[in-house]
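Note sheet for the following structure.
See below:
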């Protein structure tokens, strides 16, 4: 069973615009991770944020975490056509190695 | 190698056939995971190894599924008497540290049971 829910399920924006995806989860966590998956390819780890962190940046990516609301957001700034992919959040619960995944957000960047 | 390698990339099996899926993790990575991903869904956990020890196999859907990692490096996921509902992408991931994450995934094996 999946813990996370991504919102929206699909997002289509123009190149250069910012894209925001949200993730909600149900139980307490050790960390939350975001991954990208291009069509027919494996998952690529983007960023990990720990439960005691509120915000993290990596290049054009910005992730926030609100443990009181059990939610996270991924912001991609100045989107590019190459950002077209599905984006998944995955949570690792306390002292647990298993990742629990959402169903993903499908992002399409129109040139 | 530089990444996690999975083979074959694609496998078509007739219902009832046995299949074996291989995962070659990043050298030195202690933790190895198998996930199953249905079309349009996120991955679902199958099993976890720390070196050669299978510490968790709670996600394996039935006793037709079997995984091993005998020397703590290459792992094989075997599915016996395949059924149509086994059709999915099977993803392998490895990590230096299982708790801290993040994981490096292979490109997966797309299994189609006909």
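Chains as they are written, first to last, in my numbering: chain A, 730 to 840; chain B, -13 to 100.
A virtual CB, placed ideally from N, CA and C, is assigned to each residue, including glycine.
*Please work out which residues of its chain come closer than 6 Å, Cβ to Cβ, to residue 75/B, disregarding the five sequence neighbours upstream and downstream, and give them in chain order.*
Within its own chain, the residues whose Cβ lies closer than 6 Å to the Cβ of residue 75/B, once the five positions on either side in sequence are excluded, are 23, 94 and 96, listed in chain order.
*Per DSSP, which residues does residue 38/B bridge with? Please list them.*
Paired residue(s): none; residue 38/B is not in a bridge.
*DSSP on residue 810/A, reduced to helix/strand/coil?*
The three-state reading of DSSP puts residue 810/A in helix, counting H, G and I together.
*How about residue 760/A and residue 778/A: do their beta carbons lie closer than 8 Å?*
Yes. Within cutoff.
_Reduced DSSP secondary structure (H/G/I, E/B, other) of residue 744/A_ = Reduced to three states, the DSSP call for residue 744/A is coil.
_Using only the alpha-carbon positions, how far apart do residue -12/B and residue 45/B sit?_
C-alpha separation (whole angstroms): 28 Å.
*Contacting positions in the segment 54 to 76 of chain B - beta carbon closer than 8 Å to chain A*: The residues in question: there are none.
_Selected residue, minimal CA-CA separation from residue 771/A, among 42/B, 100/B and 92/B_ = 92/B is the residue among 42/B, 100/B and 92/B whose C-alpha sits nearest the C-alpha of residue 771/A.
*Give a yes or no on whether 8 Å exceeds the smallest Cβ distance from residue 833/A to chain B.*
Yes, residue 833/A counts as interfacial toward chain B.
*asked:* What does the alpha-carbon distance come out to for the pair residue 795/A and residue 13/B?
replied: Between the alpha carbons of residue 795/A and residue 13/B lies a distance of about 36 Å.
*residue 17/B and residue 34/B closer than 8 Å at C-beta*: Note that the C-beta distance between residue 17/B and residue 34/B is below 8 Å.
*Which ranges does the beta strand (DSSP E) cover as unbroken runs of at least 3 residues, wholly within the segment 5 to 71 of chain B, from first to last along the chain?*
DSSP runs (the beta strand (DSSP E)) wholly in the segment 5 to 71 of chain B: 5 to 10, 17 to 23, 30 to 36, 39 to 42, 51 to 54 and 61 to 65.
_Can you check whether the C-beta of residue 786/A is within less than 8 Å of a C-beta belonging to chain B?_
For residue 786/A, the answer is no, since every Cβ of chain B falls outside 8 Å of its Cβ.
_What does the alpha-carbon distance come out to for the pair residue 42/B and residue 793/A?_
When rounded, the distance between both Cα atoms is 31 Å.
*Using the beta-carbon count (16 or more within 10 Å), is residue 798/A buried or exposed?*
With fewer than 16 other Cβ atoms within 10 Å, it is exposed.
*7 Å CB neighbourhood of residue 730/A in its chain, flanking five on each side removed*: Confidence is the limiting factor: at residue 730/A the pLDDT is only 49, short of 50, which leaves the residue's position unreliable, though a coordinate-based value still follows. The answer is none, since no qualifying residue turns up.
_Short of 8 Å Cβ to Cβ, which residues in the segment 27 to 38 of chain B face chain C?_
The question asks about chain C, but that chain is absent: this structure's protein chains are A and B.
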